[in-house]
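18 is the number of the first residue of the sequence shown in this note's numbering; add one for each residue after it. These notes concern the structure reproduced below.
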Amino acid sequence: MKKLIPCILALVLLLGCASQEQKHTATILAMDTVMTLTAYGSQGETALTQAQQLINQLDAQLSLTREDSETNAINGSNGESVTVSATMLELVRQSVALGDSTGGALDVTLTPVIQAWGFIGGDYRVPEPQELADLLERVDYQKISVDTANNTMSLPENMAVSFGAIAKGYTGDLVMEQMKSAGVTSAIVTLGGNVQALGRKPDGSLWNVALQSPFGSDYLGTLEVEDVAVVTSGGYERYFQQEGETYWHIIDPATGYPAKSGLVSVTIVCDSGITADGLSTALFVMGLEDALDYWCTNGGFEAIFVTDDNKVYITPGLEGSFTLEKAYADLPLTVVE
Ligand code: ADP
Ligand code: MG
18 MKKLIPCILA
28 LVLLLGCASQ
38 EQKHTATILA
48 MDTVMTLTAY
58 GSQGETALTQ
68 AQQLINQLDA
78 QLSLTREDSE
88 TNAINGSNGE
98 SVTVSATMLE
108 LVRQSVALGD
118 STGGALDVTL
128 TPVIQAWGFI
138 GGDYRVPEPQ
148 ELADLLERVD
158 YQKISVDTAN
168 NTMSLPENMA
178 VSFGAIAKGY
188 TGDLVMEQMK
198 SAGVTSAIVT
208 LGGNVQALGR
218 KPDGSLWNVA
228 LQSPFGSDYL
238 GTLEVEDVAV
248 VTSGGYERYF
258 QQEGETYWHI
268 IDPATGYPAK
278 SGLVSVTIVC
288 DSGITADGLS
298 TALFVMGLED
308 ALDYWCTNGG
318 FEAIFVTDDN
328 KVYITPGLEG
338 SFTLEKAYAD
348 LPLTVVE
């Protein structure tokens, strides 16, 4: 009996550890992309069920293609003030703040221009310069007004918001918050190209996040991270070609044309998914020089930039945690200062 007690205790401890670290996974299709969710521990399964419900609810709420979405209620408001959910209010508030901080490189009212190119709707074509000039008259996030005290917002007639550039980042933030409340301490979610990590792996080691290469269908490199969002925007993600020209889905609100800034991909690493998502798009629009200025002035995030002449630039905080894959080990890599 004396011998048995320590054995039982050891077994209980062992089982306890095993269930602590139990891996739960789910894959769902939402927001036009594949999402994989992984959560560890005894609360994992419940947390994943809740996460899926939350994602589906956000998808229905934010979607531009679903007629009954909250986004379409705003877009159909004919300039009248509309009462919106707390979730929408916060998303719009952050969209406007990101527009302000990036000098309008991120503009959630770019919708009619994005539609004209077919990046919403799928009817790809190159619009005429005059058509773009006319549509740009309807683009200006500064004309959105948000009244946080009364949960209302308004948008001038003929303008339309869409959140393709930040919805996944915002969703990731809400999912991670929910997972934390459910008691999960170790989780990783991949929402399309957005990766968000909670804590570390159950064994205490860092997560390895593989970054898609802008040059092919393989990986550019790996990042070792904990507790952050890693978001990449690249021209290669969605584009069409016409008469030898490539037109991609990241558009410069200053011109209405796909942003040809010399960058082919931008990865942002930071605490907030929505910031990482917004900045990955906006800094892609800005180009390397302005993006580095932005980083110097604002800070609060790390970044990896890849240029169209095959150079890689990383911010100092990623030195040591970012490794180029073998196939790309020869690319010139600069740590910016
Ligand atoms: P992905 O959705 O592929 O991860 P992004 O986060 O970079 O890529 O978002 C690109 C999407 O955002 C486009 O498909 C388009 O709907 C929208 N978009 C493109 N350019 C801008 C911009 N400058 N500001 C706001 N939204 C944009
Ligand atoms: Mg983005």
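Yeah, the Cβ is synthetic: ideal placement off N, Cα and C, and Gly gets one too.
Under the DSSP definition of a beta bridge, L350 partners with V329. The C-alpha of K328 lies about 30 Å from the C-alpha of S222. When the Cα atoms are used, Q111 and E342 turn out to be separated by approximately 35 Å. Taking the Cα positions, A43 is about 32 Å away from G334. Each residue's CA atom was taken as its position, placing V51 and S203 some 21 Å apart. Relative to the ligand ADP, D140 has its C-beta separated by 7 Å or more from all heavy atoms. Straight-line measurement puts the Cα of T314 at about 38 Å from the Cα of Y57. Near the ligand MG, meaning a beta-carbon closer than 7 Å to one of its heavy atoms, we find A182, I183, G186, V248, S250, D294, G295, S297 and T298. Residue environment analysis places L75 among the buried positions, since at least 16 neighbouring C-beta atoms fall within 10 angstroms of its C-beta. When secondary structure is reduced to three states using DSSP, F339 falls in the strand class. If you look at M170, you'll find it in the beta strand (DSSP E) that goes T169 to S171. Taken from the Cβ of D190, every heavy atom of the ligand ADP lies 7 Å or farther away. Its chain contains M170 and S171 as the residues whose beta carbon lies nearer than 7 Å to that of S162, once the 5 sequence neighbours on both sides are disregarded; these appear in chain order.
Residue environment analysis places P129 among the buried positions, since at least 16 neighbouring C-beta atoms fall within 10 angstroms of its C-beta. Within the region 46-132, complete alpha helix (DSSP H) segments of at least 4 residues are found at 61-79, 87-92 and 103-118, given in chain order. DSSP places G238 inside the beta strand (DSSP E), whose first and last residues are Y236 to V242. By the Cβ rule, the region 277-297 counts as touching the region 249-262, because three or more pairs are nearer than 8 Å. In this structure, Q67 places its C-beta atom within 8 Å of the C-beta atom of A199.
Distances taken from the Cβ of I267 to the heavy atoms of the ligand ADP include one shorter than 7 Å. DSSP, read as helix, strand or coil, puts N315 in helix.
Considering only D310, D325 and T324, the residue with the shortest C-alpha distance to F318 is D310. When C-alpha distances from V192 are compared across F339, L71 and Y236, the shortest belongs to L71.
Under DSSP, A43 takes part in a beta bridge, and its partners are L54. The straight-line gap separating the alpha-carbon atoms of T55 and Y158 is approximately 35 Å.
The Cβ neighbour count for E145, taken over all protein chains shown within 10 Å, is under 16; the residue is labelled exposed.
Within the model, the alpha-carbon separation for L237 versus P173 is close to 43 Å. Of the candidates D164, G139, S86 and E194, E194 places its Cα closest to the Cα of S289.
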